[in-house]
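Residue numbers (full-length UniProt numbering), protein chains in the order written: chain W, 1 to 300; chain A, 1 to 292.
By construction, the Cβ of each residue, glycine as well, lies at the ideal position given by its N, Cα and C atoms.
Below is one structure; the comments refer to it alone.
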Amino acid sequence: MTRLTKDLIRNKWLYIMMLPVLAYYVMFHYVPMYGAIIAFKQFVPAKGILGSEWVGFKHFREFFDSIYFFRVIKNTILLSFFNLLFGFPAPIMLALLLNELKSSWFRRVTQTITYMPHFITLVVVAGIIRYFTLSDGLINDVIAFFGGERVAFLQQPESFRAIYVISEIWQQVGWGTIIYLAAISGIDQQQYEAAKMDGATKFRQIWHITLPGIMPTVMIMLILSLGNLMNVGFEKIILLYSAGIYETADVISTFVYRKGILEFDYGYSTAVGLFNSVINFTILLLANYFSKRVSQNSLW
Amino acid sequence: MNKISIGERAFDVVNVTIMLILMVATLYPMLYILFSSLSDGNRLIAFDGVLLWPQGFSLDGYKAVFSNETFLQAFKNTFFVLIVGLIINLSLTSFGAYFLSRDGLLLRKPIMFFIVFTMFFQGGLVPLYLIVKAYGLLNTLWALILPSAVSTFNLIIMRTYFQALPKELEESAFLDGAGHFTILFRVFIPLSMPVIAVMILYYGVGHWNSWFSAMIYLRDQELFPVQLVVRNILLDNDNANMIGTSTLQHSQSVAETLKYAAIIVTTAPILLLYPFLQKYFVKGVLVGALKG
């Protein structure tokens, strides 16, 4: 008997317990991964995945040559980039400020309130954004009050990125502080005492003690965000966008959704999605590699 | 010494001010929705500017929500998905976590890799859709439950928790002749209530918020969950069938407050519950972060 059969027999109940979990991963993750080979086929539902004809890289070439290629790549990268640029530092700064609050009661209230939007469903957040940015909505009422001109923000391609990023920060900044606050609470208090003795100001304490103290956490969070760089929150975009603003709002995943689910162009949309997955995975590996070299922090 | 304390005081004042502004910016949109939902529809339509209190007072929006068949059916569907989904989520996640936290299994590492790999690479939306269709789940509520039966992230959180339980527990239970299922249900789960609470919250919120799978997998309106119905009301202005009133003016007025009432009805349960559950959520984030 091999070691493996012995192991399987001795621990049969454990493996039986694991069976439904493995079945789930096979059925809903690995079978779709296998299904992704239709990216290289002319998929005809009647013929099935296996029976459909191979077409090689035809769908990929079609995508690279299409007028949409540049637009969706640019939109995905820009939206992610702005979201990272403003959205990533925001919870770090808020955590630093929360940490300096003297009254623990006030701090708790601030935390509870700023965590709240995290629990509002995306559908509702999108509804709120839609109503607030209407040309007779709240924001425009305020603009008009100060003598400005009313603008239908959600119909305007040039406003979309700002709307996306600002609402994202509104919803997630408080929740994002949790992990940094935990990191801050792990910093040795004696360092602050020593710094105060030397006459270091608040800013210098934050700069020289708190920030370096949470740096490993910041790096890990940054790697994770970079790994998700090409995965912009596409549910939110689908809720908010309209054909008039595809110019800035249409990203890879929304394009895949429209082509695949709405227009039944299965092979083509799968190719676009696969292209996106491969890029994501590559970016994650690169980010992890660099972080390992530069700061010894890595995911694995 | 004195100089520093002045500087520090200025810092504190600025800091508290920033926090107050932030709280107002966070709360106001929510209050605006609440005030609008309680307002008289006609006065709300005519109103311009910053709403600081309901315009008039009317519960017509709420009445329209609660007397509507589509909405009530949607609540039933969501509760079905929530309850059945949670049972499946929790059983599979605890099975997986128990297995992955055991020592001395030859296949543990390969299986762990097999599972974690799915966090970083997926087949994509369209293949998943085609597979769900091939399994015959299209246009059934199972399409909202089975494809998300296990969240790898949650599985890892739970495994981390199980790993931290003392090894002697398992050994002494074994000596008493207990099998793995007995140990899991009688020893591990009772000791893991905090992490079980986190799981219920995470999976539960996930089911409650989910609308996209419903939009792509379901065709019949009788199957729609709450979020999809709310989406249709908020974004497609699909409320014609929601209001059974006589005059056009009255129906416009109700349509206006109905939207806000629908938001409140679907958001309030979570927001009211959440301050009491905050510590569990926070715990979840932190346990998850340890082994990201």
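Item: Decide if Val294/W is buried, meaning its Cβ has at least 16 other Cβ atoms within 10 Å, or exposed.; Value: exposed
Item: Using a Cβ-Cβ cut-off of 7 Å (strictly less than) and excluding sequence neighbours within five positions of Val142/W, which residues of its own chain qualify?; Value: none
Item: Check whether the segment 77-87 of chain A and the segment 190-210 of chain A touch, using three or more Cβ-Cβ pairs below 8 Å as the test.; Value: yes
Item: Throw me the rounded Cβ distance for the Phe114/A and Tyr15/W pair, which I believe falls under 8 Å.; Value: The Cβ separation is near 14 Å, so there is no contact.
Item: On a CA-only basis, which of Gly96/A, Tyr129/A and Val265/A is nearest Trp13/W? Give me that one, please.; Value: Gly96/A
Item: Report yes or no: do three or more beta-carbon pairs, one from the segment 165-174 of chain W and one from the segment 183-193 of chain W, lie closer than 8 Å?; Value: no
Item: So is Asp48/A in contact with chain W if we call contact Cβ pairs under 8 Å?; Value: yes
Item: Report the rounded CA-to-CA distance for Tyr217/A versus Glu100/W, giving the unit in angstroms.; Value: 48 Å
Item: Alpha carbons only, please: which of Pro117/W, Arg107/W, Arg108/W and Tyr164/W is nearest the one belonging to Arg130/W?; Value: Tyr164/W
Item: Skipping 5 residues on each side, what residues in its chain have a beta carbon closer than 8 Å to that of Leu222/W?; Value: Phe88, Ala287 and Ser291
Item: Which residue from Val254/A, Phe188/A and Trp142/A puts its Cα closest to that of Leu82/A?; Value: Trp142/A
Item: Between the Cα of Tyr68/W and the Cα atoms of Tyr246/W, Gly56/W and Ile283/W, which residue gives the shortest distance?; Value: Tyr246/W
Item: Can you tell me whether Ser103/W is buried or exposed? The criterion is at least 16 other CB atoms within 10 Å of its CB, across all chains shown.; Value: exposed
Item: Count the other CB atoms, across all protein chains shown, that sit within 10 Å of the CB of Lys279/A; report buried if there are 16 or more and exposed otherwise.; Value: exposed
Item: Do we get a CB-CB distance below 8 Å when we pair Gln252/A with the residues of chain W?; Value: no
Item: Can you confirm whether Leu146/A, when its beta carbon is compared against all beta carbons of chain W, has any partner nearer than 8 Å?; Value: yes
Item: Could you list the residues in the segment 226-245 of chain W with a C-beta less than 8 Å from some C-beta on chain A, going in chain order?; Value: Gly227, Glu235, Ile238 and Leu239
Item: Is Ser269/W close to chain A? Criterion is C-beta to C-beta, closer than 8 Å.; Value: yes
Item: Should Ile128/W go down as buried or exposed, given a rule of 16 or more other Cβ atoms within 10 Å for buried?; Value: buried
Item: In this structure, how does DSSP classify Lys47/W when only helix, strand and coil are distinguished?; Value: coil
Item: May I have the straight-line CA-CA distance separating Lys109/A from Phe153/A, to the nearest angstrom?; Value: 17 Å
Item: Of all Cβ atoms in chain A, is any one closer than 8 Å to the Cβ of Trp105/W?; Value: no
Item: Starting from the C-beta of Trp54/W, find all residues in its chain whose C-beta is less than 7 Å away, skip the five residues before and the five after it, and write them out in chain order.; Value: Phe40 and Lys41
Item: State the Cα-Cα distance for the pair Asp40/A and Leu271/A, rounded to the nearest angstrom.; Value: 24 Å
Item: How long is the line joining the alpha carbons of Phe57/W and Asn276/W, rounded to whole angstroms?; Value: 15 Å
Item: Can you confirm whether the segment 113-122 of chain W touches the segment 225-232 of chain W when touching is taken to mean that 3 or more C-beta pairs between the two stretches lie within less than 8 Å?; Value: no
Item: I'd like the span of the alpha helix (DSSP H) that includes Asp40/A, first residue to last.; Value: Per DSSP, Asp40/A belongs to no alpha helix (DSSP H) and is neither H nor E.
Item: Between the segment 155-166 of chain A and chain W, which residues of the former have CB atoms less than 7 Å from a CB of the latter, in chain order?; Value: none
Item: For my contact list, Leu144/A and Ser213/A are in at a C-beta cut-off of 8 Å; report their separation, rounded to the angstrom.; Value: 5 Å
Item: When we look at the beta-carbon of Pro147/A and count the other beta-carbons within 10 Å, is it buried (16 or more) or exposed?; Value: buried
Item: Apply the 10 Å Cβ neighbour rule to Thr282/W and answer buried if 16 or more other Cβ atoms are within range, or exposed otherwise.; Value: exposed
Item: Considering only DSSP beta bridges, list what residue 344/W is partnered with.; Value: One cannot answer for residue 344/W here, as it falls past the ends of chain W, which runs 1 to 300.
Item: Judging by CA-CA distance, which residue of Asn280/W, Thr201/W, Leu98/W and Leu78/W is the nearest neighbour of Ala182/W?; Value: Leu98/W
Item: What's the gap between the Cα of Val44/W and the Cα of Lys259/W?; Value: 15 Å
Item: In this structure, how does DSSP classify Lys291/A when only helix, strand and coil are distinguished?; Value: Summary for Lys291/A: the model assigns pLDDT 46, below 50, so the residue's position carries little reliability, and this model does not support an answer.
Item: Does the segment 26-36 of chain W come into contact with the segment 129-143 of chain A, if we say contact requires no fewer than three beta-carbon pairs (one atom in each stretch) closer than 8 Å?; Value: yes
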